[in-house]
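Everything on this sheet refers to the single structure shown next.
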Amino acid sequence: MTPSPGFPSRVAAVDAMRALALLPVVVVNALTYAELPDAGFFSSLAGAPWWDSAAVLAVATLLQGKGIALLMFLFGYSMGWARAPRQRLRRLLGVGLAHGGLLYQGDIVHQYALVGLWMQGARRWRWPRLLRWTLVWTAVGSALALLSLALGFLVGFGEPTTGPRLVTASTGSAWWWLGASGFFGTLPWALLFMGPGVVAVVSLGLIAGRLRLLHHRRWRPWWARAARWAGLMLVLNLVYGVWVVVELHQSVGMAAVGTLAMTWLGPLTLAAWVPWLLLRVRWPAWLVHAGRNTLTMYIGSSLLIVLALAGPAAAWQPSPAELTLAAAMAWVALAALSAGAAARGWRLPLEALLAWRRA
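Numbering-wise, the sequence shown is residues 8 to 366 according to the working numbering.
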């Protein structure tokens, strides 16, 4: 991105949080992969030992819904002071569609790219227009999320199915077809019901970026007021996590429906937890560096998940606790790779692709 005059080209806190936001994404994607393409969310915990329930409780309480929402917000935040060339966004869209169609059907990159292309000129909008835009899309996104939640309870969305799954596909072509048809088949639905929420969160991030809300010390009193709610949000997330675990011991379907509550709980939690982190955490250099190659980290995590859980490796069949630990370790390895490259001034492959310019 090209920074506006008077704004820094990189912000340490933003880079660090971008890398940190990938931890929830990697762990949740790993735990839910076994249920793709069209079954529930987390796998059933019926008959599972206590440590598997504890692992899912920790993920549902601390990670679920936070990573995606924070990445959306930070994408908009960067738009608040830097212009992303249209060609870069088109390449990002291509990467996202290829990722969803070839590797992992839960891709989120294509939505960022589409929103970025659509809101190309929003950085220069006057405040009244930007605020109206954000309020409208927040209302629309919330209404559609509420409608999805209601439909889920009415029709039993998320109930376990007996259809084929990615982890049991017998051939590579069968695995690819299941994933690609799942991604492109649900793409219109996802854009309709999730797109407005993405626009809303990105727009909120854009407003915050224009105000330099995350990296200007004049906002410290606001951070302190927002951080007071961090404890309450932890309790609410814990209640949600306990409910999910209890439901997974009985009905995967109701637990899957309940995850739609993260449409609100995730962003609201971040509104308290991010200021708490800004006040208390001194971002380590390795995490800041890791945040400069997050696209390759994200796609790389999908590749590791597929290699570990699909095809010949499907015989592993890890427990939720084992998979949570393995996913966290994968994030550490990817972050170390990204940090090492960035510290030497190198771009990883996908970042180099986005930055490449024809001679």
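Where is the CB? At the ideal position from N, CA and C, for every residue including glycine.
Going by C-alpha distance, which of the options is nearest residue i?
i    : options                   : result
T331 : P356, D59, A23 and A53    : D59
A197 : L239, Q71 and A152        : A152
A37  : Q118, A62 and H256        : A62
W271 : L27, S155, L355 and A176  : S155
F80  : L110, Y119 and S180       : Y119
P378 : A105, G123 and L69        : What the structure shows of the chain is the stretch from 8 to 366, and residue 378 is not part of that stretch, so it cannot be assessed.
L284 : G273, W230, Y247 and M336 : W230
L104 : G186, R227, R131 and V205 : G186
E329 : V66, A26, W125 and A23    : V66
W353 : A297, W323 and L316       : A297
P40  : L110, S180, V288 and L27  : Reading off the sequence, residue 40 comes out as Tyr, not Pro. Nearest option by C-alpha distance: L110.
D114 : S149, I75, P135 and G128  : I75
V147 : A207, W125 and Q94        : A207
F82  : S177, L64, V18 and L70    : V18
P56  : L255, A150 and W323       : L255
Y247 : F48, W280 and L64         : L64
T193 : R131, Q112, R95 and T68   : Q112
R95  : Q127, H106, L69 and L311  : Q127
A157 : V32, A268 and A129        : A268
A150 : L355, A349, G204 and W226 : G204
Y305 : G54, H117, T68 and L69    : H117
A292 : R133, R131, Q257 and A349 : A349
W132 : R217, Q257 and A333       : R217
For residue i, which residues from the same chain have a beta carbon less than 8 Å from its beta carbon, with the 5 sequence-adjacent residues on both sides left out?
i    : result
L121 : L100, L198 and G202
E358 : R299, N300, L302 and T303
R351 : none
A215 : F80, G83, Y84, G87 and L221
W323 : A315 and L316
L70  : L30, P31, V34 and V35
A181 : P171
W125 : V206
W183 : L109
P228 : none
Please list, in chain order, all residues of the same chain as residue i whose beta carbon is under 7 Å from its beta carbon, the five residues on each side excluded.
i    : result
T276 : K73, M240 and N244
A20  : L221, H222, L285 and W290
G347 : none
T145 : A207
P274 : A76 and V208
A279 : A233, A234, W236, A237 and M240
Could you give the C-beta distance for residue i and residue j, rounded to a whole number, given that I count them as a contact under 8 Å?
i    : j    : result
L213 : G87  : 5 Å
L43  : G189 : 7 Å
A337 : S308 : 6 Å
P327 : S50  : 7 Å
V35  : A335 : About 11 Å; that fails the 8 Å criterion.
G108 : F191 : 6 Å
L52  : V252 : 7 Å
For residue i, which residues from the same chain have a beta carbon less than 6 Å from its beta carbon, with the 5 sequence-adjacent residues on both sides left out?
i    : result
V174 : A41, L316, A317 and A321
L294 : A23 and A26
A28  : G74, L77 and L78
R364 : none
P12  : With a pLDDT of 45 at P12, under the threshold of 50, the predicted position of this residue should be treated as unreliable, though the coordinate-derived value follows. Result list for P12: empty, nothing under 6 Å.
L30  : W338
T68  : N244, L245 and G248
L355 : N300, T303 and A348
Closer than 8 Å to a non-hydrogen atom of the ligand MG - does that hold for the CB of residue i?
i   : result
P31 : Among the components of this structure there are no ligands whatsoever, and the ligand MG is therefore not found.
Contiguous alpha helix (DSSP H) assignments of at least 4 residues, all confined to the stretch 90-152: 93-109 and 116-125
Stretch-stretch touch, CB-based, cutoff 8 Å, three pairs: the stretch 90-105 with the stretch 224-243: no
3-residue-minimum beta strand (DSSP E) runs that sit fully inside the stretch 262-325, ordered along the chain: none
At least three beta-carbon pairs within less than 8 Å, the stretch 331-345 to the stretch 123-142: no
Segments assigned alpha helix (DSSP H), at least 4 residues, entirely inside the stretch 187-275: 227-234, 237-255 and 259-265
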